[in-house]
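Accompanying notes for the structure given below.
In the UniProt record's numbering, the protein residues as written are 1 to 190.
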């Protein structure tokens, strides 16, 4: 592989990046070649030091996706960042996707639990309120006032639980971004 092939492959691997960033990266690699030639190195030696242009492009795309997810938090951006990190290698399939899916499943179950606690509180309030009209359908075992107050408390607990899970999901998002950055740094340094 010569310099032109390296630069063309690198440019192709940076296909979906911002044109300004792409030009900046290509300029940096042109500088690497210029400095290497000034030191008397051949194009093959410089290319060997720089590494595979496809891998370089993947790492830049992954870093750009993570930065985009940090600047514009959304499910779409975190998905792009995870997929970009997965593109860096098969190793990432286990290291990135496994923990992310496990924690996402826990987060979804916590959201479902918060909604269930809220719904149970609302159901107990309505059971007390509609017991006089639907006595044969709705059974109340205990003091109606105590059950009504318990329903209010359970509803409030469900709301607080939901708010807590929302904060936890924001923390999960930020931690996922940091984890992806760390993972990209580890992979690109190898």
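We treat Cβ as the ideally placed atom computed from N, Cα and C, and that holds for glycine. Nothing here was measured: the structure is a model prediction, and the numbers come from that model.
Item to check | Between the CA atoms of residue 124 and residue 149 - distance to the nearest angstrom | outcome: Each residue's CA atom was taken as its position, placing residue 149 and residue 124 some 9 Å apart.
Checklist entry - Going straight from the alpha carbon of residue 127 to that of residue 98, what length do you get? => result Near 43 Å, if we compare the C-alpha coordinates of residue 98 and residue 127.
Checklist entry - Between the C-alpha atoms of residue 87 and residue 130, what's the straight-line distance to the nearest angstrom? => result In this structure, the CA atom of residue 87 is about 57 Å from the CA atom of residue 130.
Item to check | Inter-stretch contact (C-beta, 8 Å, three-pair minimum) for the region 6-15 and the region 55-66 | outcome: Put simply, the region 6-15 touches the region 55-66. At least three CB pairs are less than 8 Å apart.
Checklist entry - What is the DSSP secondary structure of residue 55, counted as helix, strand or coil? => result Here residue 55 sits in helix by DSSP.
Checklist entry - For the alpha helix (DSSP H) that residue 22 lies in, which residues bound it at each end? => result Taken as a continuous stretch (DSSP letters only), the alpha helix (DSSP H) holding residue 22 covers 19-38.
Checklist entry - Cβ of residue 172 within 8 Å of Cβ of residue 107? => result Pairing residue 172 with residue 107 gives a Cβ-Cβ distance under 8 Å.
Next on the checklist: I'd like the list of long-range same chain contacts for residue 81, defined as Cβ closer than 6 Å, with 5 residues on each side in sequence excluded.
Outcome noted: In the same chain as residue 81, and ignoring 5 residues on each side of it, the C-beta atoms closer than 6 Å to its own belong to 65, 66, 69 and 180, in chain order.
Checklist entry - Looking only at its own chain, which residues have a Cβ that is under 7 Å from the Cβ of residue 46, when we skip the five neighbours before and after it? => result So the list reads 32, 33 and 36, once near-sequence residues are dropped.
Item to check | Close Cβ partners of residue 144 (< 6 Å) along its chain, the five nearest in sequence each way excluded | outcome: Hits under 6 Å: 128.
Next on the checklist: Helix, strand or coil, according to DSSP, for residue 87 in the structure here?
Outcome noted: Correct three-state label for residue 87: coil.
Next on the checklist: Can you look up residue 76 in the DSSP assignment and give me helix, strand or coil?
Outcome noted: The answer is helix: DSSP assigns residue 76 an H, G or I state.
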